[in-house]
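In this text, residue positions in the sequence shown follow numbering that gives the first Met the number 0: the first is 0, and each later residue adds one.
Idealized CB from N, CA, C, for every residue including glycine.
Predicted, not measured: the structure shown is a model, and the values here were computed from it.
Written below as structure tokens is the structure these notes are about.
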Amino acid sequence: MKKLFILTSLTFSVAAFAAPSSEGTENEINSGLYNIDFRAGNGKIYCGGDAKTSDLAQGISCLTEIKGKPVLPRPKDCDLEWGGTFFLGKTGKADMVCHSDFPFNPKARILKDGETVKGNGWQCTASGSEVTCSNQDKHGFKVSQKMQKLF
């Protein structure tokens with residue numbers, strides 16, 4: 000069963016994809032949900048890690064608007080957005096997430112090529128138009144707008 004990721008604390012419109020770039024700046028706002036906010040893939044991949052509250056899934060989540068078919072089929076119990084959100088806990092396998100809101104900071108700083116962010120049991124590294132996140136079990140995901148891979 001896929002994780003159902005419904006976040007109601009703070010929402011941003013999907014129009015945030017069109018938000019102007021704030022490359023090279025510090026976080027101007029905080030999503031309120033995550034201790035760590037960043038963007039990768041030239042600002043087109045939004046990520047939030049280590050949720051501030053224990054009732055939310057702990058780990059790293061990243062969202063991007065994918066071009067093409069999702070790597071996994073939509074679960075029957077997902078009536079929300081599907082295909083561009085990925086989750087990885089500090090242990091276990093990566094998964095795709097059914098979600099309703101945009102809980103990410105649209106003005107989070109953009110990682111430089113080769114830059115790594117580390118959280119509680121996970122790390123993500125930016126490389127060109129993609130980001131690769133892995134956990135202490137060596138599971139993870141590699142995502143760009145054109146490619147998705149779970150490992």
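Item, Value
"Extent of the continuous beta strand (DSSP E) to which S162 belongs", "Because the chain spans 0 through 150 in this model, residue 162 falls outside it and cannot be assessed."
"Same chain, Cβ closer than 8 Å to G67, neighbours up to 5 away in sequence not counted", "K145"
"The segment 106 to 122 contacting the segment 76 to 86, beta-carbon criterion three pairs below 8 Å", "no"
"Outcome for Q147 when other beta-carbon atoms lying within 10 angstroms are tallied against a minimum of 16", "buried"
"Nearest residue (CA-CA) to A125, options C61, D49, L110 and I35", "L110"
"Reference S143, options G88, Y33, D36 and C46, closest by Cα", "C46"
"Three-state secondary structure (DSSP) of A93", "coil"
"N- and C-terminal bounds of the beta strand (DSSP E) containing I59", "I59 to T63"
"The beta strand (DSSP E) enclosing T52, as first and last residue numbers", "Looking at the DSSP string, T52 is not in any beta strand (DSSP E), and its letter there is neither H nor E."
"Reference A39; option with closest CA among R108, G120 and Q122", "R108"
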